[in-house]
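Position in the sequence shown (first residue = 1) + 94 = our numbering. Here the structure comes first, spelled out in structure tokens, and everything after it is commentary.
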Amino acid sequence: MGKANAPVKKNDYIDLTFSDLTHEGEGVGKIDGYPIFVPYGLPGESAKVKVIKVKKNLAFGKLIERYESSDDRIEPPCDVFYKCGGCQLQHMTYDRQLTMKQKQVQDVMKKIAQMPDVPVHPTIGMTEPWNYRNKVQIPVGKRYGKVMTGFYQKRTHNIIDMDTCPVQSDDNDKVVRGIRDIIAELGIEPYDEETHDGVIRHIVLRTGYHSDEMMVVIVTKTKDLPYQDAFVERIKALNPNIKGIIQNINADETNVIMGETSHTLWGEDVIVDKIHDLEFAISAQSFYQVNPEQTEKLYDKALEYAQLSGKESVIDAYCGIGSISLFLAQHAKKVYGVEVVPQAVDDAKANAKRNHIDNAEFYVGEAEKVMPWWKAQGLNPDVVVVDPPRKGCDENLLQAMIDMEPKRIVYVSCNPSTLARDLSYLAEGGYETKEIQPVDMFPQASHVESVTLLEKKG
């Protein structure tokens, strides 16, 4: 049903000129001020579009034919790009991707934070924006008797069978293909989402950026892994850098990839990788940034904004396995990390020990509860660093930061909208947003990370 006030109806064919991009990278064209979002359209292009969904304030269309092409358009190097849901931006030049991400942050600062004058710097990009992911999570399925591995088709759970992925490393691609062939040859059944039958759900690989060490995680529905010994021996032979093979068990009917329980079938429980001169042990379930080259740039910027002289006490909220905390500890008097996941805190403590860092302490708990307790104990940090999940900071955590009155807050964000919302709250609490630096952690995809510097007014 088309909406009464919309100038288009479902199934209409229209001519449209694109003037902008959504934050997902879709082309935006307008008819009488009414926006229509069309995947793969680029600003400056005009095209024939089929209207596929009409809402009160906007519609969605499908690109049928381009009448002209933008200078920003390129041929995607991936042959399944238009089917796969993994990447959104391979059809545009990398320069255009970087300006789109900068604009994404600028737009939310105007619309959500009501701070149009805060400097948002040009996005820090990569020299080579391909083959950068150090972690791959590939579903395994079966169609017409053939074992398949590949990412899901957009907005579905249909697996697109693929041999290579241009944002993964070549070594990861080869190992995934090898494991897929071994599954087929040994006759181990892939998991079927609809019937909840079968054994193997996902293949997860983690690779060290500096170390090249590789971990293979086989996610199974069942505790038993048929032909386990033969399976393990053949996986070991795929690449000499494989240091450990782990089974993770996920028996639930869920789209969450990993279950609670992991055990090592062969080799090491962790791989070791470096960020700058710090070593980190990464387990099957550790959170670790997937783009190590850009992580170094992100952390460098966070450190620059923290302005540490060696005398400061610093709180790192959502500290994970301690990667930012330990980086800050090299330049601060004392760092206090807090994280809700107990396993991550154990990893953070072990990583501090591994790097001979004794001025960082880590605590399990919700930052919004731990920080008021710290304040009551007399802890007054000079700097608070926060790196929350996509949903942003809990309001109680924002208030806890304001109550502690640090000189500076460094906010690392993976979601511009929740960042802008939180900056508004912090502004009311007396913190001025000084500048924002977007960093491209996910080339070819529409996500953008950023680092923001806030200072206490007066």
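Beta carbons are placed, not taken as given, at the ideal position from N, Cα and C, and that holds for glycine. Everything numeric in this text was worked out from a predicted model, so none of it was measured.
Just to confirm the assignment, what range does the alpha helix (DSSP H) spanning residue i have?
i    : result
E169 : Per DSSP, E169 belongs to no alpha helix (DSSP H) and is neither H nor E.
K395 : P386 to A400
V464 : A461 to A470
E489 : E489 to M498
Q502 : The question names Gln, yet the displayed sequence has Arg at residue 502. Here R502 belongs to no alpha helix (DSSP H); instead the beta strand (DSSP E) covers R502 to S507.
D516 : P510 to E522
What is the DSSP secondary structure of residue i, reduced to helix, strand or coil?
i    : result
S540 : coil
F325 : helix
N69  : Here the chain comprises residues numbered 95 to 552, so residue 69 is not present and cannot be evaluated.
A53  : As shown, the chain starts at 95 and ends at 552. That puts residue 53 outside it, with no answer to give.
Q57  : The structure shown does not extend to residue 57, since the chain is modelled only from 95 through 552, so no value can be given for it.
D440 : helix
Q424 : coil
M194 : helix
D481 : coil
Q182 : coil
D189 : helix
K528 : strand
A446 : helix
I369 : strand
I418 : helix
V364 : coil
V212 : coil
V432 : strand
V102 : coil
What is the C-beta distance between residue i and residue j, in whole angstroms, given that I count them as a contact (C-beta under 8 Å)?
i    : j    : result
C172 : Q184 : 6 Å
P475 : V408 : 6 Å
L520 : L492 : 6 Å
K368 : H304 : 4 Å
A423 : I451 : 5 Å
F456 : V439 : 5 Å
Y382 : I415 : 7 Å
Q200 : V214 : 5 Å
I329 : I343 : The Cβ separation is near 17 Å, so there is no contact.
V429 : S419 : 5 Å
F374 : N266 : With 8 Å as the limit, F374 and N266 do not qualify as a contact, their Cβ atoms being about 19 Å apart.
For residue i, is the classification buried or exposed, using 16 other Cβ atoms within 10 angstroms of its Cβ as the cut-off for buried?
i    : result
Q341 : buried
R300 : buried
P284 : buried
T243 : buried
E139 : buried
H296 : buried
A180 : The sequence given here places Gly at residue 180; Ala does not occur at that position. G180 is buried by the Cβ-count criterion.
E406 : buried
D516 : buried
S403 : exposed
K103 : exposed
N151 : exposed
E489 : exposed
R227 : buried
I218 : buried
Q471 : exposed
V464 : buried
D410 : buried
Please list the terminal residues of the continuous beta strand (DSSP E) segment that includes residue i.
i    : result
R160 : A153 to R160
S140 : S140 to V148
D109 : Y107 to L115
T358 : T355 to G361
E455 : A454 to V458
Y128 : Y128 to V132
A331 : No beta strand (DSSP E) contains A331, which DSSP labels as neither H nor E.
G123 : G121 to I125
V313 : M308 to T314
I351 : Taken as a continuous stretch (DSSP letters only), I351 belongs to no beta strand (DSSP E), as it is neither H nor E.
D410 : S407 to A411
Would residue i count as contacting chain D if we go by Cβ distances under 8 Å?
i    : result
V435 : Here chain D cannot be found, since the structure has a single protein chain.
Alpha helix (DSSP H) segments (min. 4 residues) lying fully within the stretch 234 to 304: 264 to 280
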